[in-house]
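Undergrad: Once you've had a glance at the structure underneath, I'll fire off some questions.
Residue numbers (the numbering used here): 4 to 110.
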């Protein structure tokens, strides 16, 4: 687990923390998998717009909890909302090169 974060809460800080949220089925973090579509930081808190690999993914509640756990390290413990979206539909093309390498998909 990452230590408590100091300084202003920014999109980059949030994305860095979300790199600790690992999809237990794939063993790769949700950022490199391309599941995080956006982060909004405002006075009301942090909104993480993300998706799952499939609408029937049984890990939705788990990943939601893990996002909240990771972002609890933010200064001032802002409100965190996970906005689960289905558009655009996730595809393996959204993964980073690092995720593909970790999954053995790179040549």
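Glycine residues also receive a C-beta, built at the ideal position from the N, C-alpha and C atoms.
Predicted model only: the values in this text are computed from it and were never measured.
1. Would residue 24 and residue 73 be called neighbours here (beta carbons separated by less than 8 Å)?
2. Between which residues of its own chain and residue 99 is the CB-CB distance below 6 Å, once the five residues before and five after are set aside?
3. Kindly indicate which three-state DSSP category residue 102 falls into: helix, strand or coil?
4. Counting along the chain, where does the beta strand (DSSP E) carrying residue 86 start and finish?
5. Can you tell me which of the three DSSP states residue 52 falls into?
6. Taking the alpha carbon of residue 85 as the point to measure from, which residue in 106, 101, 68 has its own alpha carbon closest?
7. Buried or exposed for residue 108, please, with buried defined as at least 16 other CB atoms from any protein chain shown within 10 angstroms of its CB.
8. Rounded to a whole number of angstroms, what is the C-alpha to C-alpha distance between residue 78 and residue 20?
9. Please return the same chain residues whose Cβ sits closer than 8 Å to the Cβ of residue 39, not counting the five positions on each side in sequence.
10. Return the Cβ separation of residue 49 and residue 83 in integer angstroms, given the expectation that the two are a contact with Cβ distance under 8 Å.
TA: Looking at the atomic coordinates:
1. yes
2. 35
3. helix
4. 83-87
5. strand
6. 68
7. Burial call: exposed.
8. 12 Å
9. 18, 21, 33, 51, 52, 53
10. 5 Å
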